[in-house]
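Data first, discussion second: the structure below is written as structure tokens.
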Amino acid sequence: MESETPSPNLLCSEDESSLNEQKDENLEFCSVSESDCEFIETLFQRETSFRSIKIGSTRSRSKCCRLDAVKWILDTRALFGYHHRTAYLSVIYFDLFFARTEYSDGIPWLVRLLSVACLSLAAKMEECRVRALTEYCVEGFKFQTNVIQRMELMVLNTLEWTMGSATPFTYLNYFVSKFCGESRHRQVKLRASELILAVIEEINVVEHRPSVIAAAAVLAAYDYRLTKTTLENKIEAVLSWGSLEKEHVFSCYSLLQEILMLKTPKTTISPNSLSNYSTVISRDSIKRGLTFDDSSQVHKLSKR
Amino acid sequence: MGDGRGSNSGSNSNSKPEWLEQYDVIGKIGEGTYGLVFLAKIKLNRAKSIAIKKFKQSKDGDGVSPTAIREIMLLREISHENVVKLANVHINHADMSLYLAFDYAEHDLYEIIRHHRDKVNQPINQYTTKSILWQLLNGLNYLHSNWIVHRDLKPSNILVMGDGEEQGVVKIADFGLARIYQAPLKPLSENGVVVTIWYRAPELLLGAKHYTSAVDMWAVGCIFAELLTLKPLFQGQEVKGTPNPFQLDQLDKIFKVLGHPTQEKWPTLVNLPHWQSDVQHIQGHKYDNAGLYNVVHLSPKNPAYDLLSKMLEYDPRKRITAAQALEHEYFRMEPLPGRNALVSPQPGEKVVSYPTRPVDTSTDIEGTISLQPSQPVSSGNSMSGAMGGPHVMQRSMPRPMPMVGMQRMQPPGIPAYNLASQAGMGGVNPGSIPMQRGVAPQAHQQQQMRRKDPGMGNDWISSTTEIEALLRIQLDSRIRWSRSGRISKGRQDLRSNQCRR
Numbered sequence: 001m002e003s004e005t006p007s008p009n010l011l012c013s014e015d016e017s018s019l020n021e022q023k024d025e026n027l028e029f030c031s032v033s034e035s036d037c038e039f040i041e042t043l044f045q046r047e048t049s050f051r052s053i054k055i056g057s058t059r060s061r062s063k064c065c066r067l068d069a070v071k072w073i074l075d076t077r078a079l080f081g082y083h084h085r086t087a088y089l090s091v092i093y094f095d096l097f098f099a100r101t102e103y104s105d106g107i108p109w110l111v112r113l114l115s116v117a118c119l120s121l122a123a124k125m126e127e128c129r130v131r132a133l134t135e136y137c138v139e140g141f142k143f144q145t146n147v148i149q150r151m152e153l154m155v156l157n158t159l160e161w162t163m164g165s166a167t168p169f170t171y172l173n174y175f176v177s178k179f180c181g182e183s184r185h186r187q188v189k190l191r192a193s194e195l196i197l198a199v200i201e202e203i204n205v206v207e208h209r210p211s212v213i214a215a216a217a218v219l220a221a222y223d224y225r226l227t228k229t230t231l232e233n234k235i236e237a238v239l240s241w242g243s244l245e246k247e248h249v250f251s252c253y254s255l256l257q258e259i260l261m262l263k264t265p266k267t268t269i270s271p272n273s274l275s276n277y278s279t280v281i282s283r284d285s286i287k288r289g290l291t292f293d294d295s296s297q298v299h300k301l302s303k304r
Numbered sequence: 305m306g307d308g309r310g311s312n313s314g315s316n317s318n319s320k321p322e323w324l325e326q327y328d329v330i331g332k333i334g335e336g337t338y339g340l341v342f343l344a345k346i347k348l349n350r351a352k353s354i355a356i357k358k359f360k361q362s363k364d365g366d367g368v369s370p371t372a373i374r375e376i377m378l379l380r381e382i383s384h385e386n387v388v389k390l391a392n393v394h395i396n397h398a399d400m401s402l403y404l405a406f407d408y409a410e411h412d413l414y415e416i417i418r419h420h421r422d423k424v425n426q427p428i429n430q431y432t433t434k435s436i437l438w439q440l441l442n443g444l445n446y447l448h449s450n451w452i453v454h455r456d457l458k459p460s461n462i463l464v465m466g467d468g469e470e471q472g473v474v475k476i477a478d479f480g481l482a483r484i485y486q487a488p489l490k491p492l493s494e495n496g497v498v499v500t501i502w503y504r505a506p507e508l509l510l511g512a513k514h515y516t517s518a519v520d521m522w523a524v525g526c527i528f529a530e531l532l533t534l535k536p537l538f539q540g541q542e543v544k545g546t547p548n549p550f551q552l553d554q555l556d557k558i559f560k561v562l563g564h565p566t567q568e569k570w571p572t573l574v575n576l577p578h579w580q581s582d583v584q585h586i587q588g589h590k591y592d593n594a595g596l597y598n599v600v601h602l603s604p605k606n607p608a609y610d611l612l613s614k615m616l617e618y619d620p621r622k623r624i625t626a627a628q629a630l631e632h633e634y635f636r637m638e639p640l641p642g643r644n645a646l647v648s649p650q651p652g653e654k655v656v657s658y659p660t661r662p663v664d665t666s667t668d669i670e671g672t673i674s675l676q677p678s679q680p681v682s683s684g685n686s687m688s689g690a691m692g693g694p695h696v697m698q699r700s701m702p703r704p705m706p707m708v709g710m711q712r713m714q715p716p717g718i719p720a721y722n723l724a725s726q727a728g729m730g731g732v733n734p735g736s737i738p739m740q741r742g743v744a745p746q747a748h749q750q751q752q753m754r755r756k757d758p759g760m761g762n763d764w765i766s767s768t769t770e771i772e773a774l775l776r777i778q779l780d781s782r783i784r785w786s787r788s789g790r791i792s793k794g795r796q797d798l799r800s801n802q803c804r805r
């Protein structure tokens with residue numbers, strides 16, 4: 001948000017700044033103990049709700065509104081200095097809300113109000129310090145705090161108060177140590193984080209298990225041109241996973257590949273080069289700016 | 305969760321909220337930083353007592369309190385005989401306050417210990433002590449195997465059921481500070497108050513941030529000792545202040561009984577912030593080891609002593625776990641622990657009758673329940689005329705945010721959304737937020753959203769009053785919004801304009 005210029009590169013600076021942001025995730029290498037594995041296994045089992053939900057079959061989802069909402073959540077997360085996982089968790093709430101109600105996600109004010117409520121709730125779950133509701137600003141609306149609170153209650157009730165979902169960030173350490181060992185762990189973790197944040201704009205997060213997204217992101221961050229066999233061998237390391245999970249990781253990995261490829265400049269980027277990565281992301285913004293995000297420029301302007 | 309109804313009828317300020325109608329409230333039984341607790345009976349089942357905990361309203365502008373969210377979330381997920389059972393969640397519509405209904409427990413360890421110390425003047429019998437500890441560990445083992453750390457165990461949070469089918473069953477309560485712990489993979493961050501200092505583990509006192517379920521086991525050790533001696537084991541003077549000041553006196557009390565911790569016994573000790581920064585006080589002072597056995601009057605050979613000392617192990621990694629403690633020899637020797645901690649199955653054992661919880665009948669729950677919106681009605685709302693009179697729907701003032709470089713047009717009376725027929729809208733259950741009934745006709749007039757020129761802007765300007773009203777009505781009547789074709793059309797126009805550019 002540093003840039004005021006309404007250029008297609010608007011998002012670039014944000015991505016770079018969040019890429020350099022090191023307070024967020026624990027980047028130090030942690031060896032994974034037996035108890036960690038046990039914990040991860042427990043979390044795998046708890047993820048079942050992510051598969052059972054059928055979405056989008058009965059009604060078309062409004063892509064624009066969702067994308068705007070997700071972008072707003074990501075921007076605000078960066079602005080407030082919240083953790084990446086807080087943003088992801090808010091998007092889980094957001095997608096679950098529409099999965100469990102029949103409200104239209106094509107109503108701008110409802111979508112905006114919902115994104116505020118979801119981010120605020122996620123922050124209350126994950127952050128030590130949360131911003132006052134008055135600080136959550138969206139373009140075009142000024143929601144009073146009691147309205148946001150009512151929406152929070154509506155979300156809490158719709159989600160039946162089960163707010164403690166795992167996010168892909170929960171698994172980063174685990175998969176980095178499983179798939180990549182100690183080498184480049186810091187780099188891989190950073191890139192995987194960026195990929196996870198990029199992919200939530202594309203997918204409905206309740207249709208994908210967080211662990212699958214984490215695994216695919218770590219693999220893609222490690223090397224985005226792995227063969228299927230190599231992938232398969234890597235995934236073998238996750239003992240409890242069967243063919244179903246493998247398939248899911250494959251499809252998620254190819255989605256990430258697609259995201260990476262689409263944004264790859266003509267000069268081939270070396271999979272190890274972190275510096276090229278930010279270019280990749282900014283290309284992404286270019287693409288988005290033209291295709292989906294018709295309003296991002298307007299938003300940026302109107303913010304101030 | 306929730307009963308799905310329970311609203312007050314807005315214009316009638318004398319009536320009870322609907323959710324309250326199912327209870328006969330006896331009076332107030334507790335008050336704390338979290339809010340108030342009331343004792344109530346269920347009208348349809350007078351034998352059943354319920355504790356209704358009212359959450360203190362969070363500071364204005366903070367929304368739903370994080371403590372409430374975490375506590376309810378955890379309580380919804382857990383189910384164990386030795387953990388308090390959440391029977392219902394009620395939302396008071398007018399002021400959006402939250403009420404949790406729990407199965408009522410007549411006693412708690414704080415009162416039981418106090419009764420023995422001040423009234424009976426004799427120790428708690430062995431059977432009761434052992435049964436309480438056994439059940440407490442069972443509940444804790446359940447929580448820990450579900451990766452939940454309680455973080456605030458103390459005698460007043462350990463409840464014991466009174467007369468009835470569950471008599472003498474121990475229940476762990478008050479999950480306000482509890483949270484799912486995220487293993488060493490994702491270190492728990494410090495967020496404010498953690499554990500009353502008398503029961504606070506030494507690693508926390510020394511500033512550890514990566515702590516584990518072992519903090520609960522330390523607290524259990526302190527509670528065990530207190531059951532044996534009727535006195536808090538480490539009664540330090542709390543240093544007030546924020547955030548989390550260094551509690552030197554509490555550490556001093558611990559070291560006096562357990563001796564000085566050494567790096568030999570606790571290798572990670574040197575990494576703890578306060579250990580490093582407060583060398584002069586805590587490392588410099590030499591303590592004579594008074595001996596825990598002297599304090600609790602147990603022989604070092606006694607299995608009870610052995611278990612206690614394992615709970616009070618300095619190094620959290622060496623401290624006994626709940627699962628290990630349940631396997632301890634202490635629980636396999638007579639008297640064996642039982643489900644009814646208060647009444648021993650052995651004939652001839654004297655049964656202590658504990659006093660019931662004092663009930664303050666002068667405080668009426670209804671006096672504490674707001675039947676009116678928490679904020680005064682603002683004037684100047686263009687919609688207020690249509691609503692008329694004091695009405696719960698009238699709340700906040702809309703303050704549309706100025707949009708730079710854009711003119712806002714307000715074409716009168718353009719319906720933005722169509723309300724689908726209210727009939728046949730089954731299947732939509734957005735939860736059980738209590739809603740005001742019978743406002744749909746008025747609401748219908750509220751459907752008009754001011755709209756900007758679709759060619760210029762991309763947002764609809766809504767007043768908060770409208771949003772709030774609509775949210776309520778949506779919830780109440782389960783109305784489905786049909787999408788307005790105009791929005792997407794407007795967006796497409798805008799997009800194609802941009803592309804052309």
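Top to bottom, those sequences are chains A and B.
Each residue of the first sequence is one higher than the last, beginning at 1 in my numbering.
Each residue of the second sequence is one higher than the last, beginning at 305 in my numbering.
Note that beta-carbon positions come from the ideal geometry of N, C-alpha and C, so glycine has one too.
Fair warning: this is a prediction, and the values are worked out from it, not measured in the lab.
By the Cβ neighbour-count rule, glycine 595(B) is exposed, with fewer than 16 other Cβ atoms within 10 Å of its own. For methionine 163(A), the chain B residues whose C-beta falls within less than 7 Å of its own C-beta are Ile373, Met377, listed in chain order. When the five nearest sequence neighbours on each side are left out, the beta carbons in the same chain lying within less than 8 Å of the beta carbon of tryptophan 502(B) are those of Lys458, Cys526, Pro536, Leu537, Phe538, Gln539, Gly540, Gln554, in order along the chain.
Among the residues facing chain B, isoleucine 235(A) is not included, as its CB has no counterpart in that chain under 9 Å away.
Shown here, histidine 83(A) sits in coil according to DSSP, grouped into three states, outside any helix or strand.
The contact set of glutamate 381(B) on chain A, defined by CB atoms closer than 8 Å, consists of Thr162, Gly164 in chain order. For tryptophan 579(B), the closest alpha carbon among the candidates Ala523(B), Lys347(B), Val387(B), Leu509(B) is that of Leu509(B).
By the Cβ test, the stretch 67 to 78 of chain A is in contact with the stretch 106 to 116 of chain A, since at least three Cβ pairs between them sit closer than 8 Å. Counting only Cβ-Cβ distances below 7 Å, aspartate 366(B) has contacts in chain A at Ala132, Leu133, in chain order. By the Cβ neighbour-count rule, valine 600(B) is buried, with 16 or more other Cβ atoms within 10 Å of its own. Near chain A, meaning a CB-to-CB distance below 7 Å, no residue of the stretch 645 to 675 of chain B qualifies. Taking all protein chains in view, the Cβ of arginine 77(A) is crowded by 16 or more other Cβ atoms within 10 Å, so the residue is classified as buried. Between the alpha carbons of serine 603(B) and leucine 630(B) lies a distance of about 21 Å. Contact between glycine 331(B) and aspartate 664(B) holds: their C-beta atoms lie close to 5 Å from each other, under 8 Å. Taken in chain order, the whole beta strand (DSSP E) runs of length 3 or more contained in the stretch 378 to 416 of chain B are 390 to 396, 401 to 407.
Contact annotation for methionine 465(B) against chain A: no contact, minimum CB-CB distance about 25 Å [criterion: below 7 Å]. Going by C-alpha positions, serine 383(B) is about 42 Å away from phenylalanine 141(A). For alanine 192(A), the three-state secondary structure derived from DSSP is helix.
Interface with chain B (9 Å Cβ-Cβ cutoff): leucine 121(A) is included. By the C-beta density criterion, glycine 652(B) is exposed, having fewer than 16 other C-beta atoms within 10 angstroms.
A check of alpha carbon separations from tyrosine 82(A) across Phe169(A), Tyr93(A), Ile40(A), Glu126(A) identifies Glu126(A) as the nearest. Distance from the CA atom of serine 648(B) to the CA atom of valine 473(B), rounded to whole angstroms, is 12 Å. Residues of chain A whose Cβ lies closer than 7 Å to the Cβ of isoleucine 356(B) do not exist; the shortest such Cβ separation is about 17 Å. A Cβ-Cβ separation of about 5 Å places lysine 358(B) in contact with glycine 339(B) under the 8 Å criterion. By the Cβ test, the stretch 94 to 112 of chain A is not in contact with the stretch 178 to 196 of chain A, since fewer than three Cβ pairs between them sit closer than 8 Å. Residues of chain B whose Cβ lies closer than 8 Å to the Cβ of isoleucine 148(A) are, in chain order, Gly367. The DSSP-derived three-state label of alanine 372(B) is helix.
Neighbourhood of proline 370(B) in chain A, by CB distance below 8 Å: Lys124, Met125, Val130, in chain order. Segment contact: the stretch 442 to 460 of chain B against the stretch 364 to 372 of chain B, fewer than three CB-CB distances shorter than 8 Å; contact not assigned.
In the three-state scheme derived from DSSP, where H, G and I count as helix and E and B as strand, serine 353(B) is classed as strand.
Taking the Cα positions, serine 449(B) is about 45 Å away from glutamate 139(A). If you check the CB distance, isoleucine 395(B) and leucine 153(A) come in under 9 Å. Note on geometry: alpha-carbon atoms of phenylalanine 479(B) and proline 571(B) lie some 32 Å from one another. The three-state secondary structure of isoleucine 346(B), taken from DSSP, is strand.
Neighbours of isoleucine 624(B) in chain A, taken as residues whose beta carbon is under 7 Å from its own, are absent, since the nearest beta carbon is some 16 Å off.
Within the DSSP bridge table, the entry for leucine 340(B) names Glu335(B), Lys358(B) as partners.
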